[in-house]
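First the structure, in the form of C-alpha cells, and then the observations on it.
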C-alpha cells in the first residue's frame, strides 16, 4: 500500500521509527520504506474502490472482534499447536523457545480441543524474534505446527510449578498437589526422604522445578540425573550417552562402581535434564524399568589418577555427537517420547 503523509518530515519520522522497530499488523510483519511516487493521485474509480474496501474492512473487523485474543507486540506470546500427533509438553516448549532468550513463565492449557500455551519473555524484542522465527514451524516432522501471535496479556500470573505451568523466576512455588507439596516441604526442612519414589515423570519434573534435592536440601535445579534399576550386565556409558543424548547434550556419565545398576548422567543444561527425566523415567531399557530423578550432585566428578574405575566414567564434553550444540539445529524439531517408530536423518 502507498501512504501519503502531510509532509516529508512526518514520512521520515515514520520510516525511521519502523526501521528500528518492525511493525506488526494482524500477526504479519509490515515493512515501511520510501516510495518513488511524490504524490498519490485519486479519481472516482479509486474512490468507489476505496468505499468498497472500507466496507469490507469494517465487516472483517466486526467479525474478528467477536473472538479476538490477539494484541500488539508484547512480551507474552500465545502459542497454538495444530495437528498434534505427538504429545507436546511444557518442557519441550521451554527447550524450543529458550533458543531465542530467557523464558520467564509458561502456562499451558487446552481450549476448543486444541493445546495452547502462553509464554512470557523479559522483553518485546526477544518475543518478537521467537515469533518471527517459529510461527508456522513444525515441532516434529509434518505435525505439531506452531501458530504464534501476541497475547493481550502483558504478564502471566503463575501460582503453581508443575507440568501445566511454570514460573522460572520463582522456583519455590508449590506444585498444587497437596501430597507432593508436603513431601517437598519435609525435604526442604532437612528431614530424610529415604525410600522416596516419584509417582510420575510429571511429578519428577515438578520436583526439579521446585528446586528441591532428594537429599533434602534447597538449591537450584541442576544438570545431573540419577538413573537406577539399570541392567548392569548390558549397560555401558556409551549406551547411556546415546540414549539420553536424544533429549540433550550429555557431558559426563558415571556408572557407580559399587552399585552398577545405577548411574549419574550430567546434561549440558538443567532444562535438558528435566526433559530427559520427563521422557525416560519408568522406561524399559534392556528388559528393566529404569528410574530417573534429580541428583544431589552438581557435577559428575572424573576419577582421580590411580583410582579404580574400570572404564565406568566417561567424559563426553567434546563429543562430536552432541545434537543440540548448534543454535537453531533441526534436532530441536525431533524431540518426543520414546516410541516404536524411529526418525533417521543424514542418510547418504
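In our numbering, the protein residues as written are 30 to 377. Where a beta carbon is used, it is the ideal one built from N, C-alpha and C, also for glycine.
Bounding residues of the beta strand (DSSP E) (the contiguous stretch that carries residue i)
{"i": "residue 138", "result": "134 to 140"}
{"i": "residue 257", "result": "253 to 257"}
{"i": "residue 292", "result": "292 to 296"}
{"i": "residue 323", "result": "320 to 323"}
{"i": "residue 194", "result": "194 to 196"}
C-beta atoms of residue i and residue j nearer than 8 angstroms
{"i": "residue 253", "j": "residue 295", "result": "yes"}
{"i": "residue 122", "j": "residue 160", "result": "no"}
{"i": "residue 126", "j": "residue 132", "result": "yes"}
{"i": "residue 286", "j": "residue 338", "result": "yes"}
{"i": "residue 367", "j": "residue 308", "result": "yes"}
{"i": "residue 297", "j": "residue 259", "result": "no"}
{"i": "residue 449", "j": "residue 324", "result": "Nothing in the structure corresponds to residue 449, since the chain is present only between 30 and 377."}
{"i": "residue 124", "j": "residue 351", "result": "no"}
{"i": "residue 61", "j": "residue 102", "result": "no"}
{"i": "residue 104", "j": "residue 130", "result": "no"}
{"i": "residue 180", "j": "residue 136", "result": "no"}
{"i": "residue 251", "j": "residue 353", "result": "no"}
{"i": "residue 110", "j": "residue 173", "result": "yes"}
{"i": "residue 164", "j": "residue 119", "result": "no"}
{"i": "residue 52", "j": "residue 44", "result": "no"}
{"i": "residue 189", "j": "residue 200", "result": "no"}
Three-way DSSP call (helix, strand, coil) for residue i in this model
{"i": "residue 223", "result": "For residue 223, the predicted model reports a pLDDT of 31, less than 50, meaning its position is unreliable and no value from the coordinates is stated."}
{"i": "residue 143", "result": "strand"}
{"i": "residue 299", "result": "helix"}
{"i": "residue 314", "result": "strand"}
{"i": "residue 59", "result": "strand"}
{"i": "residue 229", "result": "Annotation note: pLDDT 35 at residue 229 (below 50); position unreliable, coordinate value reported separately. Residue 229: coil per DSSP, three-state reduction."}
{"i": "residue 154", "result": "helix"}
{"i": "residue 35", "result": "coil"}
{"i": "residue 47", "result": "helix"}
{"i": "residue 309", "result": "helix"}
{"i": "residue 353", "result": "coil"}
{"i": "residue 348", "result": "coil"}
{"i": "residue 30", "result": "coil"}
{"i": "residue 42", "result": "helix"}
{"i": "residue 160", "result": "helix"}
{"i": "residue 373", "result": "coil"}
{"i": "residue 243", "result": "Bear in mind that a pLDDT of 29 at residue 243, under 50, signals an unreliable position, so the number given afterwards is only what the model happens to contain. The answer is coil: DSSP assigns residue 243 none of H, G, I, E or B."}
{"i": "residue 336", "result": "coil"}
{"i": "residue 202", "result": "coil"}
{"i": "residue 218", "result": "Because the pLDDT at residue 218 is just 40, under 50, the model does not fix this residue reliably, and the value given afterwards should be weighed accordingly. Coil at residue 218, not helix or strand."}
{"i": "residue 238", "result": "Any answer about residue 238 is weak, because its pLDDT of 35 lies below 50 and its placement is not dependable; what the coordinates show is given next. Here residue 238 sits in helix by DSSP."}
{"i": "residue 304", "result": "helix"}
Opposing strand residues paired with residue i [DSSP bridges]
{"i": "residue 172", "result": "169"}
{"i": "residue 364", "result": "Residue 364 is not bridged to any residue."}
{"i": "residue 14", "result": "Residue 14 is absent from the structure shown; the chain starts at 30 and stops at 377."}
{"i": "residue 343", "result": "282"}
{"i": "residue 52", "result": "59"}
Nearest-angstrom Cβ-Cβ length linking residue i and residue j, presumed shorter than 8 angstroms
{"i": "residue 319", "j": "residue 257", "result": "7 angstroms"}
{"i": "residue 177", "j": "residue 108", "result": "5 angstroms"}
{"i": "residue 144", "j": "residue 113", "result": "5 angstroms"}
{"i": "residue 185", "j": "residue 147", "result": "6 angstroms"}
{"i": "residue 169", "j": "residue 115", "result": "5 angstroms"}
{"i": "residue 134", "j": "residue 196", "result": "5 angstroms"}
{"i": "residue 266", "j": "residue 341", "result": "7 angstroms"}
{"i": "residue 283", "j": "residue 261", "result": "Their Cβ separation, rounded to whole angstroms, is 14 angstroms, which puts residue 283 and residue 261 out of contact at 8 angstroms."}
{"i": "residue 321", "j": "residue 306", "result": "5 angstroms"}
{"i": "residue 445", "j": "residue 293", "result": "Residue 445 lies beyond the range of the chain shown here (30 to 377); nothing can be said about it."}
Residue range of the unbroken alpha helix (DSSP H) whose run includes residue i
{"i": "residue 268", "result": "266 to 273"}
{"i": "residue 120", "result": "119 to 126"}
Residue-chain proximity (residue i, chain C), Cβ-Cβ < 8 angstroms
{"i": "residue 157", "result": "The structure shown has no chain C; it contains just one protein chain."}
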